[in-house]
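This report refers to the structure that appears directly beneath it.
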Amino acid sequence: MRLFVAVVPPIEVVEDLSEFVEPRREHPDEDIRWAADEHWHITLAFLGDVPDWKTEELEERLERAAKRQQPFELQIAGAGAFPGVPDARVLYAGVRDDTDSLKHLSMTTRAAANRAGVPVEGRKFTPHVTLARLRRQLDVTRWVRVFDTYEGPTWTADSLQLIESRLGEGPGHSAAYRTVGEWDFLA
Numbered sequence: 729m730r731l732f733v734a735v736v737p738p739i740e741v742v743e744d745l746s747e748f749v750e751p752r753r754e755h756p757d758e759d760i761r762w763a764a765d766e767h768w769h770i771t772l773a774f775l776g777d778v779p780d781w782k783t784e785e786l787e788e789r790l791e792r793a794a795k796r797q798q799p800f801e802l803q804i805a806g807a808g809a810f811p812g813v814p815d816a817r818v819l820y821a822g823v824r825d826d827t828d829s830l831k832h833l834s835m836t837t838r839a840a841a842n843r844a845g846v847p848v849e850g851r852k853f854t855p856h857v858t859l860a861r862l863r864r865q866l867d868v869t870r871w872v873r874v875f876d877t878y879e880g881p882t883w884t885a886d887s888l889q890l891i892e893s894r895l896g897e898g899p900g901h902s903a904a905y906r907t908v909g910e911w912d913f914l915a
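For the sequence shown, the numbering used here assigns the number 729 to the initial residue and increments by one for each residue that follows.
Here's what the structure looks like:
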């Protein structure tokens, strides 16, 4: 299974962001593939292809990591692009985390995966919600300026999810997501 660990915003946060994004989706641009609202999440650790026989231990370790985490406040705000604004392949909304809890949780989930024998992609953690993928590298300065004005509602992150991604099985040959496990943080 192709897996990643994520924090998923609540529906009211998704709806607020969707209201802001929707008018921009209406401007046709064949180079931009907008992410579906139901796919919006904050990736903590991308695990790639994980053999079925490793998932049980992985789930146990992720559950332990979640049980050690206190709930914390987040806000989707600002924007950016990977690898950079002038040569973007991904346009994203930023995530404000005044306590660095997401960074800590990302390190914890990556360590849990490594202890379960599942290597984690080693990219630097940048909390974000992917809004769109670009078919070719583009300068997205104008898009980042627009999305940089967005400040969503503050919300409490209180769980993490292990999500399976099936490439090409969603609408329009996008990825289809399925939650494999979800664990609440320490109450």
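Note that beta-carbon positions come from the ideal geometry of N, C-alpha and C, so glycine has one too.
Just so we're clear, the structure is a prediction, and the values are computed from it rather than from any experiment.
May I have the straight-line CA-CA distance separating residue i from residue j, to the nearest angstrom?
| i | j | result |
| --- | --- | --- |
| glycine 909 | alanine 809 | 29 angstroms |
| threonine 837 | proline 737 | 18 angstroms |
| leucine 775 | threonine 869 | 31 angstroms |
| arginine 873 | glutamate 743 | 21 angstroms |
| isoleucine 760 | leucine 819 | 9 angstroms |
| leucine 830 | proline 756 | 34 angstroms |
| glutamate 740 | leucine 731 | 25 angstroms |
| phenylalanine 913 | phenylalanine 853 | 20 angstroms |
| valine 813 | leucine 786 | 35 angstroms |
| isoleucine 891 | lysine 782 | 15 angstroms |
| glutamate 784 | glutamate 758 | 41 angstroms |
| alanine 903 | alanine 764 | 10 angstroms |
| arginine 843 | proline 855 | 23 angstroms |
| histidine 832 | valine 735 | 13 angstroms |
| leucine 866 | valine 823 | 23 angstroms |
| threonine 877 | tyrosine 905 | 29 angstroms |
| arginine 894 | valine 733 | 14 angstroms |
Return the residue from the list the options that minimises the CA-CA distance to residue i.
| i | options | result |
| --- | --- | --- |
| proline 811 | Val735, Arg792 and Arg864 | Arg864 |
| aspartate 826 | Leu790, Ile804, Arg730 and Glu785 | Ile804 |
| glutamate 788 | Gln889, Trp762, Thr854 and Pro881 | Gln889 |
| alanine 816 | Met729, Phe913 and Trp871 | Trp871 |
| valine 778 | Tyr905, Glu879 and Gly845 | Gly845 |
| alanine 821 | Asp780, Leu745 and Val733 | Leu745 |
| aspartate 780 | Trp762, Ala841 and Met729 | Met729 |
Return the first residue and the last residue of the beta strand (DSSP E) that residue i is part of.
| i | result |
| --- | --- |
| arginine 824 | 816-824 |
| proline 751 | Note, proline 751: premise wrong, no beta strand (DSSP E); alpha helix (DSSP H) at 739-753. |
| alanine 805 | 800-810 |
| histidine 856 | 856-866 |
| threonine 827 | Premise fails: threonine 827 is in no beta strand (DSSP E) and is neither H nor E. |
| leucine 895 | Premise fails: leucine 895 is in no beta strand (DSSP E) and is neither H nor E. |
| valine 735 | 730-735 |
| arginine 761 | 760-762 |
| glycine 880 | 879-885 |
| aspartate 777 | 770-777 |
Note the first and the last residue of the continuous alpha helix (DSSP H) segment covering residue i.
| i | result |
| --- | --- |
| alanine 794 | 780-795 |
| phenylalanine 875 | 869-875 |
| arginine 906 | Not the alpha helix (DSSP H): arginine 906 falls in the beta strand (DSSP E), residues 904-912. |
Is any heavy atom in the ligand FMN found nearer than 7 angstroms to the beta carbon of residue i?
| i | result |
| --- | --- |
| arginine 843 | Of ligands this structure carries none, so the ligand FMN is not represented either. |
Kindly give me the distance between the Cβ atoms of residue i and residue j, rounded to whole angstroms, as I take these residues to be in contact under 8 angstroms.
| i | j | result |
| --- | --- | --- |
| phenylalanine 875 | alanine 807 | 3 angstroms |
(message) Contact between the segment 799-813 and the segment 884-898 is defined here as three or more beta-carbon pairs at a separation below 8 angstroms; is this criterion met?
(response) A contact exists between the segment 799-813 and the segment 884-898.
(request) Assess, as a yes-or-no matter, whether the segment 766-782 is touched by the segment 842-862 under the definition of 3 or more beta carbon pairs within less than 8 angstroms. (result) Result yes; three or more Cβ-Cβ pairs closer than 8 angstroms.
(request) Determine, using beta-carbon pairs with one atom in the segment 841-854 and one in the segment 749-756, whether at least three such pairs fall under 8 angstroms. (result) Segments in contact, no.
(request) Please determine if the segment 820-840 and the segment 787-794 are in contact, where contact requires at least 3 C-beta pairs separated by less than 8 angstroms. (result) The answer is yes - the segment 787-794 touches the segment 820-840, with three or more Cβ pairs under 8 angstroms.
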